[in-house]
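Input: a single structure, listed below in structure tokens.
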Amino acid sequence: MKKMYRSPYEAYPYLSSKPEDLRCDFELMTDELASMTGLLRGYVQQLDVPEQPALTEELAKICELIYHVNPTTRTKLTVTEDEIAWLLERVNAMNELTYEENRPFVLPMGTICSSYAHILRAKAKDIVRLLYRMDYGGKKIDPQLYDVVNLLSGYFFMLALYLNQLENGEEVPFVSRNYSI
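Next comes the structure, spelled out in structure tokens:
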């Protein structure tokens, strides 16, 4: 077996893990999600809307929650039932604020903040997919970890719609040629 070079300047101790060990990939992806959430928070801080302070605080809480998720596949899930309930409550609250009867599927665009929230939604789905790959590969995944990361994707989707609403961003409906709604 080939001995892998380990840089004395290694940015993270698990970067040289075997390719089939996806725990480091999970940690890198959640680190990216948290970092991008921090960037969105910076954009939201610049908004001139009454909801800005609450959203800025909320995104800081989301960022911290993601960092609590980060080591979960190597250690254990430390996100609490109360935090999961809070996240679900936020998803539902934004759904109520943006609800439209027969809301069409929309393109992931609009304002800068909304578009960035759509990117975070997609990144969270990538993490869910990675969890399934790990599970299929024999790594036991806490079912609540699936719930938390799926809720994060839902949170960022609802946040995208809400931010477009707050900033008068255009929601562009999308009608698929492949799927009938």
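Take 1 as the starting number for the sequence shown in UniProt numbering and just add one per residue. Each residue gets a CB set at the ideal place from its N, CA and C atoms; glycine is no exception. In this text the structure is predicted, and so the values were computed from the model without any measurement.
Report buried or exposed for residue i, applying the criterion of at least 16 other Cβ atoms within 10 angstroms of its Cβ.
i: GLU27; result: buried
i: SER7; result: exposed
i: TYR162; result: buried
i: TYR5; result: exposed
i: VAL175; result: exposed
i: residue 182; result: What is shown of the chain runs 1 to 181, which leaves residue 182 out entirely.
i: ARG177; result: exposed
i: SER180; result: exposed
i: TYR14; result: exposed
i: SER16; result: exposed
Quick test of your reading: residue i and residue j, contact by CB under 8 Å. State the CB separation rounded to the nearest angstrom.
i: ILE66; j: LEU33; result: 5 Å
i: GLU51; j: LEU166; result: 6 Å
i: ASN70; j: THR30; result: 4 Å
i: VAL128; j: VAL106; result: At roughly 21 Å, the Cβ-Cβ gap does not stay under 8 Å, so VAL128 and VAL106 are not in contact.
i: LEU77; j: GLN144; result: 6 Å
i: SER114; j: ALA160; result: 5 Å
i: TYR43; j: ILE112; result: 6 Å
i: VAL49; j: MET158; result: Contact flag wrong, Cβ pair sits at about 16 Å.
Any beta carbon of chain C sitting closer than 8 Å to that of residue i?
i: MET109; result: No chain C is present in this structure, which holds just one protein chain.
Let me know the alpha helix (DSSP H) ranges lying completely inside the UniProt domain "Cobalamin adenosyltransferase-like" (29-162), each 4 residues or longer, listed in chain order.
-> Fully enclosed alpha helix (DSSP H) runs of 4 or longer: 52-69, 81-98, 112-136.
Are at least three pairs of beta-carbons, each pair with one atom in the stretch 93-111 and one in the stretch 129-145, less than 8 Å apart?
-> No: fewer than three Cβ pairs fall under 8 Å.
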